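Read through the structure below, which is laid out as structure tokens, and then see the notes.
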Amino acid sequence: MNARETILRRVREAIGEPAEPATVPRDYLRTAPGVDPDDRAAILELFEQRLERYGAQVYRTTLAGIATAVDRELRHAAARVVLTPPGLPDIWTSLWADRSEHRIVTDDPPLTTLELDEVDAVVTTCAAAIAQSGTIILDGDAGQGRRAPTLLPDCHMCVVHAEQVKTALPEVVPRLDPRRPTTWISGPSATVDIEMTRVQGVHGPRRLIVILVE
1 MNARETILRR VREAIGEPAE PATVPRDYLR TAPGVDPDDR AAILELFEQR LERYGAQVYR
61 TTLAGIATAV DRELRHAAAR VVLTPPGLPD IWTSLWADRS EHRIVTDDPP LTTLELDEVD
121 AVVTTCAAAI AQSGTIILDG DAGQGRRAPT LLPDCHMCVV HAEQVKTALP EVVPRLDPRR
181 PTTWISGPSA TVDIEMTRVQ GVHGPRRLIV ILVE
């Protein structure tokens, strides 16, 4: 018997027989109050309002217009070096990258912290989004990448498809893979820890640009 088994045996002896599993009530509200979960227009409007309240920039487009929107907003952000995670469609950044002064970098193999510090912006997709709180969720799947590249660049551009936006948290959690680490983003990074003065960009990107695809 090794040390781990000895410790676990002693714990079991101390707590005795396991108790009957508790019944967890599931009668709580599963959608945002006052929002019809089938009213896509109202859901997207609420999502946009919440994001803008937090200081994010939101631009709506169609599937065919993603490349144009990404190009326009990256140029407005004065980005020169942009990171694209594995699995992000190349077509999304093709217009922006078609200029000699612009450079695309990938995170495969993973970039170092110093290399990430040279990146102006990162473009990702997301796993899901919540309208009620204006939250975008990343889980590291294709098109999202590691957590570090979404936190170190000054600008994060996230492409969110309309069907990924749900009204409230209880609708989203069952859709997430519990085995994946998740990052939850509600607006640009900000803190009021220093003398109660709001400062952006302390714990993550100072700018959050959301391309909402309808």
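If you're matching positions, the sequence shown starts at 1 in full-length UniProt numbering and goes up one per residue. We put the beta carbon where it would ideally sit given N, CA and C, even for glycine. Please read all numbers here as calculations on a predicted model, not as lab measurements.
Taking the Cβ atom as the reference point for each residue, do residue 67 and residue 104 lie within a distance shorter than 8 Å?
Working through the sequence shown from its first residue, we reach residue 67 at position 67. Working through the sequence shown from its first residue, we reach residue 104 at position 104. Cβ distance not < 8 Å, so residue 67 and residue 104 don't count as in contact.
Is the Cβ-Cβ distance between residue 165 and residue 211 less than 8 Å?
The count along the sequence shown starts at 1 and reaches residue 165 at position 165. The count along the sequence shown starts at 1 and reaches residue 211 at position 211. Not a contact, by the Cβ cut-off of 8 Å.
Considering only the beta carbon of each residue, do residue 111 and residue 183 sit closer than 8 Å?
Within the sequence shown, the letter at position 111 stands for residue 111. Within the sequence shown, the letter at position 183 stands for residue 183. No.
What is the DSSP secondary structure of residue 68, counted as helix, strand or coil?
Taking the first residue of the sequence shown as position 1, residue 68 is located at position 68. Helix at residue 68.
Starting from the Cα of residue 141, find the closest Cα among 60, 181, 99 and 115 and give me that residue.
By 1-based counting over the sequence shown, the position of residue 141 is 141. If we check each option's Cα against that of residue 141, 181 comes out closest.
Going by DSSP in three states, residue 116 sits in which element: helix, strand or coil?
Stepping through the sequence shown from its first residue, residue 116 is reached at position 116. Note: residue 116 maps to helix in three-state DSSP.
Residue 47 beta carbon less than 8 Å from that of residue 168:
Position 168 of the sequence shown, counted from the start, is the residue given in the question as residue 168. Position 47 of the sequence shown, counted from the start, is the residue given in the question as residue 47. Taking 8 Å as the Cβ cut-off, residue 168 and residue 47 do not qualify as a contacting pair.
Could you check where the alpha helix (DSSP H) with residue 103 kicks off and where it finishes?
Residue 103 sits at position 103 when you count from the first residue of the sequence shown. Per DSSP, residue 103 belongs to no alpha helix (DSSP H); it is in the beta strand (DSSP E), 103-106.
So which of 82, 70 and 3 has the shortest CA-CA distance to residue 150?
As a working note, residue 150 is residue 150 in the sequence shown. Comparing Cα-Cα distances from residue 150 to each of 82, 70 and 3, the minimum goes to 82.
Kindly indicate the opening and closing residues of the alpha helix (DSSP H) around residue 12.
Reading the sequence shown from its first residue, position 12 is the one you call residue 12. It spans 3-15 - the alpha helix (DSSP H) in which residue 12 sits, taken as one unbroken run.
Evaluate residue 32 with the Cβ neighbour count: other Cβ atoms within 10 Å of its Cβ, from every protein chain shown; 16 or more gives buried, anything less gives exposed.
Within the sequence shown, the letter at position 32 stands for residue 32. Buried is the call here.
Beta-carbon gap between residue 152 and residue 114 smaller than 8 Å
Taking the sequence shown and counting its residues from 1, the one referred to as residue 152 is at position 152. Taking the sequence shown and counting its residues from 1, the one referred to as residue 114 is at position 114. Going by C-beta atoms, residue 152 is not nearer than 8 Å to residue 114.
When the distance is taken between beta carbons, is residue 79 closer than 8 Å to residue 155?
Numbered from its first residue, the sequence shown carries residue 155 at position 155. Numbered from its first residue, the sequence shown carries residue 79 at position 79. Cβ atoms of residue 155 and residue 79: closer than 8 Å.
Three-state secondary structure (DSSP) of residue 129:
On the sequence shown, residue 129 is found 129 positions in, with the first residue counted as 1. Here residue 129 sits in strand by DSSP.
Beta-carbon proximity of residue 87 to residue 143, cut-off 8 Å
Reading the sequence shown from its first residue, position 87 is the one you call residue 87. Reading the sequence shown from its first residue, position 143 is the one you call residue 143. Closer than 8 Å, so yes.
Report yes if the CB atom of residue 214 is closer than 8 Å to the CB atom of residue 62, and no otherwise.
Residue 214 sits at position 214 when you count from the first residue of the sequence shown. Residue 62 sits at position 62 when you count from the first residue of the sequence shown. The answer is yes: Cβ separation under 8 Å.
Count the other CB atoms, across all protein chains shown, that sit within 10 Å of the CB of residue 38; report buried if there are 16 or more and exposed otherwise.
Counting from 1 along the sequence shown, the entry for residue 38 is found at position 38. With fewer than 16 other Cβ atoms within 10 Å, it is exposed.
Between the alpha carbons of residue 51 and residue 209, how many angstroms are there, rounded?
As a working note, residue 51 is residue 51 in the sequence shown. As a working note, residue 209 is residue 209 in the sequence shown. Taking the straight line joining both Cα atoms gives about 9 Å.
With a threshold of 6 Å on Cβ separation, who are the neighbours of residue 136 within its own chain once the five nearest residues in sequence on each side are excluded?
Residue 136 sits at position 136 when you count from the first residue of the sequence shown. The answer, listed in chain order, is 126, 129, 158 and 185.
Taking the C-alpha atoms as reference points, what is the distance between residue 4 and residue 10?
Taking the sequence shown and counting its residues from 1, the one referred to as residue 4 is at position 4. Taking the sequence shown and counting its residues from 1, the one referred to as residue 10 is at position 10. So the alpha carbons of these two residues sit roughly 10 Å apart.
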